[in-house]
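So the number in my numbering is just where the residue sits in the sequence shown, counting from 1, plus 56. Quick reminder that beta carbons are idealized off the backbone N, C-alpha and C, glycines included. Notes for the one structure printed next.
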Amino acid sequence: PKFREPRTFSTVFRSVSTCAESSFASSLEKMNIPEGYIDISPKKNGGVLKKTLQPGTSDEKPKHGSTVKVHYVGTLNADGTKFDSSRDRGAHFEFVLGKGQVIKGWDVGVATMQRGEKADFIIKAEYAYGAAGSPPKIPGGATLNFEVELFSWAGEDVSPDKDGSIRRETIVEGEPLTNPNETSTCSVHIVGRHEGRVFMDQDISFILGEGSEYNLPEGVDKALRRFTKGEKSTISIRGTRFTYGNSPPEEFNLPANAELQFTIFLKEFDKVPATWEMSPSDKIRHAKEAKERGTAFLAAGKEKLALAKYKRIEEILEYEKSGDPEEKKDRDALLLAAYLNIALVFSRMNEQLKCVQYCDKALELSSRNVKAMYRKATAQLTMNEPETAQRVFETILDIEPDNKAAQQQILMCKAKVREYEQKAKKQFKGMFEKLSKSEEEEVQPGASTSA
57 PKFREPRTFS TVFRSVSTCA ESSFASSLEK MNIPEGYIDI SPKKNGGVLK KTLQPGTSDE
117 KPKHGSTVKV HYVGTLNADG TKFDSSRDRG AHFEFVLGKG QVIKGWDVGV ATMQRGEKAD
177 FIIKAEYAYG AAGSPPKIPG GATLNFEVEL FSWAGEDVSP DKDGSIRRET IVEGEPLTNP
237 NETSTCSVHI VGRHEGRVFM DQDISFILGE GSEYNLPEGV DKALRRFTKG EKSTISIRGT
297 RFTYGNSPPE EFNLPANAEL QFTIFLKEFD KVPATWEMSP SDKIRHAKEA KERGTAFLAA
357 GKEKLALAKY KRIEEILEYE KSGDPEEKKD RDALLLAAYL NIALVFSRMN EQLKCVQYCD
417 KALELSSRNV KAMYRKATAQ LTMNEPETAQ RVFETILDIE PDNKAAQQQI LMCKAKVREY
477 EQKAKKQFKG MFEKLSKSEE EEVQPGASTS A
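Structure follows, in structure tokens:
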């Protein structure tokens, strides 16, 4: 009998491999993929094909939300007719990646590119302009070619003023519609870098808005409000407002106003109900908690943290109109305390106009509140409005005739008024003397003024 040679692993592998290659080649033929192109479409149905024309200069690729800068030339795949070109216009084209600002094929294709790379994309109608096309240049159902060169990109701008001071590049997408909010307790892993050097690498759990208690700059607090649960992103922070500014923590050995990068993984957080989701009693409870923390921060000299807590009370209670007498009493008392303390913090920050505005809010709730009047008048005096301030101090004496602080301040106001009157008198005297001298020179135009 003849025995067949046993099939080794290598022969089986070659057989399977040959079979797979044949199947892959057959599938390519069915999808009509030209030589040199690869299928990068999400469905692997040939919707977006890519061919690299010029390799990139780094391994980095732009992330979802990055603002990318490219040049492109668009042609119809059918006959090569050019329908658009940024190169012809002589200006780069910029868009935010992954936000639907361009056709789907661009969001798919540019995400695969490296800095400096040039590539050609063949994009079917499903990932371009669909059955409708984009008349008159692009007919319905058209397959398009785009030659794209990626020059640079910047992370998504998540700064409050959209000035580029906080940018985010997403590494791992989180769960949609799961953002933390003010006072959420966030559990994160965070790695801080300056010029490539790691100066922080730790797990932290903290209340959003209180990151400075854990040596986190304000930019991290601001950025986390845009994160979703499970998200991992790198944020870049520059400028003076959201970095450590002039006083970075000594243990980090950072220069003043250093530009920083933080890679943050938001593991979990507890979702605090939105104001509109709270009952009147819930609002009172949350406001009391905010007042307690604000008072502790104020006593510790941490004005910015205190201000955030008192502003939180305002946010929760300002428009609360509970009909329950006890709840209304609590609401008014908490809101009055918040307004008075906000005014105090603004006064310490030398933002006197804001101080006056919050004193006025306090006086709307309690028209004879001496503390609000005194802080308002003091701020007005600091703003060089002694006459206005004096009238407010005099109103205090109408309520509390023996208020010695108000009496003393009135004397200061009067002294300031006299000082201004004397300065004004000197200025006017000088002006009149110059005017008189000018009139004399007109009468005697040839007279010499030399000694």
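- In this structure, G121 lies near K155, with their beta-carbon atoms less than 8 Å apart.
- When the alpha-carbon of A461 is set against those of Y430, S243, K481 and N313, the nearest one is in Y430.
- DSSP places A394 within a helical segment (H, G or I) once states are collapsed to three.
- In terms of Cα proximity to D416, the closest of A393, G248, F149 and F151 is A393.
- If you check the CB distance, G103 and E173 do not come in under 8 Å.
- In the structure shown, R349 adopts helical secondary structure according to DSSP, grouped into three states.
- Here D217 carries a coil assignment [DSSP, helix/strand/coil].
- Around the Cβ of Y183, a 10 Å sphere holds 16 or more other Cβ atoms; the residue is buried.
- Boundaries of the beta strand (DSSP E) around M256: R253 to I263.
- Cβ contact annotation for E359 (same chain, cutoff 7 Å, sequence separation greater than five): V401, R404 and M405, in chain order.
- By a beta-carbon distance limit of 8 Å, I340 contacts E383. Their separation comes to about 6 Å.
- Looking at the DSSP output, F484 sits in no beta bridge, so it has no partner there.
- For L453, the enclosing alpha helix (DSSP H) begins and ends at P442 to I455.
- Inclusion of F262 and E269 in the CB contact set at 8 Å is warranted, their separation being smaller than that value.
- Cβ-Cβ distances below 6 Å link M256 to G248 in the same chain, with the five nearest sequence neighbours on each side left out; the list follows chain order.
- The C-alpha of L322 is placed about 31 Å away from the C-alpha of A355.
- Cβ-Cβ distances below 8 Å link Q478 to nothing in the same chain once the five nearest sequence neighbours on each side are left out.
- At the C-beta level, T108 and A175 come within 8 Å of one another.
- G130 counts as buried, since no fewer than 16 other beta carbons sit within 10 angstroms of its beta carbon.
- Given a length threshold of 4 residues, each whole run of the alpha helix (DSSP H) inside the stretch 299 to 357 is given here in chain order: 336 to 355.
- By alpha-carbon distance to L390, the top candidate from K432, Q408, E345 and G379 is E345.
- Under DSSP, H245 shares a beta bridge with D259 and F321.
- Partner residues in the beta bridge of L200, as assigned by DSSP, are L132 and I179.
- Contact check for P442 against C411 fails: the beta carbons are separated by 8 Å or more.
- Unbroken alpha helix (DSSP H) stretches of 4 residues or longer found wholly inside the stretch 358 to 440: 359 to 373, 381 to 404, 408 to 421 and 426 to 438, given in chain order.
- Rounded to whole angstroms, G265 and G220 show a C-alpha spacing of 21 Å.
- In the displayed model, A210 falls within a strand according to three-state DSSP.
- Looking at the DSSP output, T226 shares a beta bridge with S289.
- Judged by beta-carbon spacing, V426 lies beyond the 8 Å limit of I398, meaning their Cβ atoms are not closer than that value.
- Only buried fits V152, as 16 or more other CB atoms lie within 10 angstroms of its CB.
- When Cβ pairs closer than 8 Å are counted between the two stretches, the stretch 275 to 291 is seen to touch the stretch 232 to 241, the count reaching three or more.
- Using a Cβ distance threshold of 8 Å, A433 and V448 count as a contacting pair.
- In this structure, the CA atom of Q408 is about 26 Å from the CA atom of G275.
- In the structure shown, the three-state DSSP call for Q157 is coil.
- The residue among P336, W162 and Q464 with its C-alpha nearest the C-alpha of V204 is W162.
- If you look at S142, you'll find it in the alpha helix (DSSP H) that goes S142 to R145.
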